[in-house]
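*Asks:* Numbering (this note's numbering), first residue to last: 2 to 116.
Please read through the structure below; I'll follow up with questions.
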């Protein structure tokens, strides 16, 4: 599933979202190695903040994997809690294949008991 946030409104229309970040998020989500991650992954395109992320509902609440805005940066893992967003960590791998990034996301979630 994909959702778009634009002008403060949330919609599920993604026909016009064809950025490199959106394509990469879709490919990463397709290679998630665990069925529970693959089933629960939601790609969020926030056009107001110019970001793309993959969101999961976990035991600790919603977690977003924020894709890097440019090559060479890291993926940020953000917990959206009651007090606002908080960075839990980062995942290096902007230059890795999407399959390797999907594996690292899965391992990050598994080793922290999030999913």
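We treat Cβ as the ideally placed atom computed from N, Cα and C, and that holds for glycine.
#1: According to DSSP, which residues form a beta bridge with residue 63?
#2: From the DSSP output, in three-state form, read off residue 18 for me.
#3: Over what stretch of residues does the beta strand (DSSP E) that includes residue 89 continue unbroken?
#4: Excluding sequence positions up to five away, which residues of its chain have a Cβ less than 7 angstroms from the Cβ of residue 25?
#5: Relative to the C-alpha of residue 29, which candidate in 42, 18, 17 and 6 has its C-alpha closest?
#6: Would you say residue 33 lies against chain B (beta-carbon separation less than 8 angstroms)?
#7: Beta carbon of residue 4, beta carbon of residue 12: below 8 angstroms?
#8: In this structure, how does DSSP classify residue 47 when only helix, strand and coil are distinguished?
#9: Considering only C-alpha positions, which residue in the set 103, 20 and 6 is nearest to residue 76?
#10: If you draw a straight line from the alpha carbon of residue 87 to that of residue 79, how long is it in whole angstroms?
#11: Rounded to whole angstroms, what's the CA-CA distance from residue 93 to residue 6? Just pull it up for me.
*Replies:* Looking at the atomic coordinates:
#1: In the chain shown, residue 63 corresponds to position 62, counting from 1. Beta-bridge pairing links residue 63 to 58.
#2: In the chain shown, residue 18 corresponds to position 17, counting from 1. In the structure shown, residue 18 sits in coil (DSSP, three-state: anything other than H, G, I, E or B).
#3: As a first step, residue 89 must be located in the chain shown, where it is residue number 88. Where residue 89 is concerned, the enclosing beta strand (DSSP E) stretches over 85-92.
#4: The residue given as residue 25 occupies position 24 in the chain shown. Cβ within range, chain order: 68 and 99.
#5: The count along the chain shown starts at 1 and reaches residue 29 at position 28. Among 42, 18, 17 and 6, the Cα nearest to that of residue 29 belongs to 42.
#6: As a matter of chain content, chain B is missing from the structure shown, which is built from one protein chain.
#7: Mapped onto the chain shown, residue 4 falls at position 3. Mapped onto the chain shown, residue 12 falls at position 11. It is a contact, given that the beta carbons lie within the stated cut-off.
#8: On the chain shown, residue 47 is found 46 positions in, with the first residue counted as 1. Strand at residue 47.
#9: Translated into the one-based positions of the chain shown, residue 76 becomes position 75. Closest by alpha carbon: 103.
#10: Translated into positions along the chain shown, residue 87 becomes position 86. Translated into positions along the chain shown, residue 79 becomes position 78. Rounded to the nearest angstrom, the two C-alpha atoms are 5 angstroms apart.
#11: Working through the chain shown from its first residue, we reach residue 93 at position 92. Working through the chain shown from its first residue, we reach residue 6 at position 5. For residue 93 and residue 6, the distance between alpha carbons rounds to 26 angstroms.
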